[in-house]
Amino acid sequence: MPGRRRPAAAAAVPSLWLDTAGPAPTPRPRLLGRLTADVAIVGAGFTGLWTAYHLRRDDPTLRVAVVEREIAGFGASGRNGGWCSALFPVQSMAPAMRGPLAATIDDIDAVCRAEGIDCDLVKDGFLELATTPAQLTRLRATLPSVPAVDSAPRWLDADQAARLVRVPGALGGILDPQCAALHPVKLVRGLATAAQRHGAELFEHSPAERIEPGRVVLADGEIQAGVVVRATEGYTPTLPGLRRDLAPVYSLIIATEPLPESVWAEIGWDRRVTLSDGRRLLIYAQRSADGRIVLGGRGAPYHFGSRTSPAFDSSPAVFEHLRRTLVTLFPAAANARITHRWGGPLAVPRDWTPGVSFAPDTGLAWAGGYVGDGVAAAALAGRTLADLIRGQHSPRTELPWVVDRRRPWEPEPARWLGINAGRLLAAAADTRENRTGRPSRLGPALDHLTGH
4 MPGRRRPAAA AAVPSLWLDT AGPAPTPRPR LLGRLTADVA IVGAGFTGLW
54 TAYHLRRDDP TLRVAVVERE IAGFGASGRN GGWCSALFPV QSMAPAMRGP
104 LAATIDDIDA VCRAEGIDCD LVKDGFLELA TTPAQLTRLR ATLPSVPAVD
154 SAPRWLDADQ AARLVRVPGA LGGILDPQCA ALHPVKLVRG LATAAQRHGA
204 ELFEHSPAER IEPGRVVLAD GEIQAGVVVR ATEGYTPTLP GLRRDLAPVY
254 SLIIATEPLP ESVWAEIGWD RRVTLSDGRR LLIYAQRSAD GRIVLGGRGA
304 PYHFGSRTSP AFDSSPAVFE HLRRTLVTLF PAAANARITH RWGGPLAVPR
354 DWTPGVSFAP DTGLAWAGGY VGDGVAAAAL AGRTLADLIR GQHSPRTELP
404 WVVDRRRPWE PEPARWLGIN AGRLLAAAAD TRENRTGRPS RLGPALDHLT
454 GH
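Structure, rendered in structure tokens:
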């Protein structure tokens with residue numbers, strides 16, 4: 004809508020990734036008027052772009068149009084912590100999903116090589132440390148005594164973990180080789196360019212106001228298409244009729260200045276293994292390609308009515324909590340300057356289960372609800388959607404996350420009370436475990452709230 008929308012750069016706290024991705028790409032056109040396509044995709048994040056990429060690569064006769072209300076990668080795809088993992092949030096489905104997700108990490112690497120996308124991707128694995136006796140008990144319980152295969156997660160004792168990174172008080176941890184660190188904005192920009200090179204049409208600053216069978220109604224036009232894909236993740240509740248479909252939960256991140264080699268030597272974090280620990284209020288970290296510590300975590304409140312706003316991308320209290328956490332984990336970096344602070348919404352389904360869906364009778368498709376682990380999952384979802392839309396049966400279309408519908412969230416105020424109660428329970432459980440060294444009795448209540 005001319006004159007009524009701010010530029011994307013002003014709509015969010017600038018991230019490290021946006022600042023270090025190189026020159027901004029040439030602005031893409033807005034969609035004005037009416038367009039007819041075979042497939043219309045709403046959302047130019049990883050889900051939408053991977054869907055467009057695979058559709059056009061596998062069938063160049065399809066006309067595929069992607070519309071984005073801001074710029075490609077504006078949402079979680081361009082603001083995440085830069086992990087690309089085989090993690091899946093639901094324990095009962097994780098074994099079935101692990102192999103396809105692990106293969107997807109390698110597929111992303113292969114596409115990057117084939118398409119000339121340099122996104123600083125390095126697959127050095129993921130280390131989840133136990134920094135309290137309670138975390139040690141909980142993490143050890145999640146692993147079999149002997150890994151089934153070399154690519155499976157395995158236990159490291161304290162000395163073995165310290166060879167990867169020296170965190171004070173770490174008692175051991177789980178090393179999962181199926182995780183890569185990367186630069187998400189470089190990946191999403193390269194993927195958008197690759198999708199266009201294969202023939203997909205991409206329109207930015209083209210907000211969808213309504214999604215219907217056969218039609219996407221935009222602020223300044225519409226797309227008529229036999230298939231309409233919703234790939235809007237944390238911004239899904241802004242669309243009519245979808246306010247209870249996904250809950251937008253904010254995750255915030257800080258990044259240090261590039262650290263000198265003397266500090267890295269003291270920390271002992273030589274490889275780009277990604278890092279977390281066993282606390283319940285999740286944190287995640289990586290060593291960036293340019294030598295910074297990037298540390299993110301939960302703790303920001305859920306906002307009543309599933310609201311999203313640029314104002315929610317920043318929280319001084321959460322940023323300070325992350326800074327203190329960084330100093331606790333890496334005392335050698337205590338004096339490092341924090342150069343970037345940013346955040347954004349991820350999407351949480353009521354059952355915490357990411358999903359992929361296509362209804363041939365209506366032509367409506369969607370994928371998402373990745374609960375913060377969406378880089379590899381969105382790539383797998385996009386390829387799965389491409390199979391479903393083209394009517395191609397594959398092992399991907401048989402995965403357990405391919406569903407017809409999902410359970411909606413409760414109406415307000417129950418939704419606001421439940422999600423924020425879970426956040427406060429997680430923080431309280433961590434506090435008690437740090438003080439007592441024993442697993443908190445609040446754990447079962449938290450597991451009940453999150454459906455685990």
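Per this note's numbering: the sequence shown = residues 4 to 455.
The beta carbon of each residue, even a glycine, is placed where N, CA and C say it ideally should be.
Note that the structure is a prediction, hence the values are computed from the model and not measured.
Residue span of the beta strand (DSSP E) that contains residue i, given as start and end
i: residue 322; result: Segment 319 to 332 is the alpha helix (DSSP H) holding residue 322; no beta strand (DSSP E) there.
i: residue 39; result: 36 to 45
i: residue 70; result: 67 to 70
i: residue 206; result: 204 to 206
i: residue 160; result: 157 to 160
i: residue 367; result: 367 to 371
i: residue 224; result: 224 to 233
DSSP state of residue i mapped onto helix, strand, coil
i: residue 218; result: strand
i: residue 354; result: coil
i: residue 339; result: coil
i: residue 259; result: strand
i: residue 440; result: coil
i: residue 269; result: helix
i: residue 446; result: helix
i: residue 398; result: helix
i: residue 404; result: coil
i: residue 179; result: strand
i: residue 285; result: coil
i: residue 345; result: strand
i: residue 77; result: coil
i: residue 236; result: helix
i: residue 254; result: strand
i: residue 143; result: helix
i: residue 312; result: coil
i: residue 415; result: coil
i: residue 3; result: There is simply no residue 3 to check, as the chain begins at 4 and stops at 455 in what is shown.
i: residue 169; result: coil
i: residue 435; result: helix
Opening and closing residue of the alpha helix (DSSP H) in which residue i lies
i: residue 20; result: 19 to 22
i: residue 380; result: 378 to 392
i: residue 480; result: Because the chain is modelled from 4 through 455, residue 480 falls outside the range shown and cannot be assessed.
i: residue 51; result: 49 to 61
i: residue 275; result: Note, residue 275: premise wrong, no alpha helix (DSSP H); not H, not E.
i: residue 301; result: Element bounds for residue 301: n/a, residue is neither H nor E.
i: residue 193; result: 187 to 200
Cα-Cα separation between residue i and residue j, rounded to whole angstroms
i: residue 389; j: residue 175; result: 41 Å
i: residue 65; j: residue 49; result: 20 Å
i: residue 232; j: residue 207; result: 16 Å
i: residue 309; j: residue 46; result: 18 Å
i: residue 23; j: residue 322; result: 20 Å
i: residue 385; j: residue 227; result: 21 Å
i: residue 279; j: residue 51; result: 28 Å
i: residue 120; j: residue 193; result: 5 Å
i: residue 387; j: residue 378; result: 14 Å
i: residue 10; j: residue 262; result: Note that residue 10 scores 37 on pLDDT, short of 50, meaning its location in the model is unreliable and no value can be drawn from it.
i: residue 12; j: residue 188; result: Confidence at residue 12 is low in this model, with a pLDDT of 39, below 50, so the placement of that residue should be treated as unreliable; the coordinate-derived value is given next. For residue 12 and residue 188, the distance between alpha carbons rounds to 13 Å.
i: residue 267; j: residue 296; result: 10 Å
i: residue 444; j: residue 285; result: 18 Å
i: residue 67; j: residue 301; result: 36 Å
i: residue 402; j: residue 100; result: 7 Å
i: residue 168; j: residue 332; result: 10 Å
i: residue 190; j: residue 44; result: 19 Å
i: residue 14; j: residue 241; result: Any reading at residue 14 needs caution, since the residue's pLDDT is 42, under 50, leaving its predicted position unreliable; the model's value is listed next. Distance between the alpha carbons of residue 14 and residue 241: 16 Å.
i: residue 449; j: residue 365; result: 38 Å
i: residue 3; j: residue 336; result: There is no way to answer for residue 3, as the model of the chain reaches only from 4 to 455.
i: residue 161; j: residue 177; result: 11 Å
Chain B within 8 Å of residue i, Cβ atoms only
i: residue 413; result: Absence of chain B from the displayed structure is noted, only one protein chain being present.
Residue environment, residue i, which counts as buried when at least 16 other CB atoms sit within 10 Å
i: residue 315; result: buried
i: residue 442; result: buried
i: residue 328; result: buried
i: residue 265; result: exposed
i: residue 420; result: exposed
i: residue 394; result: exposed
i: residue 83; result: buried
i: residue 408; result: exposed
i: residue 35; result: exposed
i: residue 244; result: exposed
i: residue 5; result: Bear in mind that a pLDDT of 35 at residue 5, under 50, signals an unreliable position, so the number given afterwards is only what the model happens to contain. Result: exposed.
i: residue 7; result: Legend: pLDDT at residue 7 = 38, less than 50; position of this residue unreliable, no value from coordinates given.
i: residue 406; result: exposed
i: residue 20; result: buried
i: residue 170; result: buried
Quiz prompt | Uninterrupted alpha helix (DSSP H) stretches inside the stretch 86 to 127 (no shorter than 4 residues) | solution = Within the stretch 86 to 127, the complete alpha helix (DSSP H) runs of at least 4 residues are 97 to 118.
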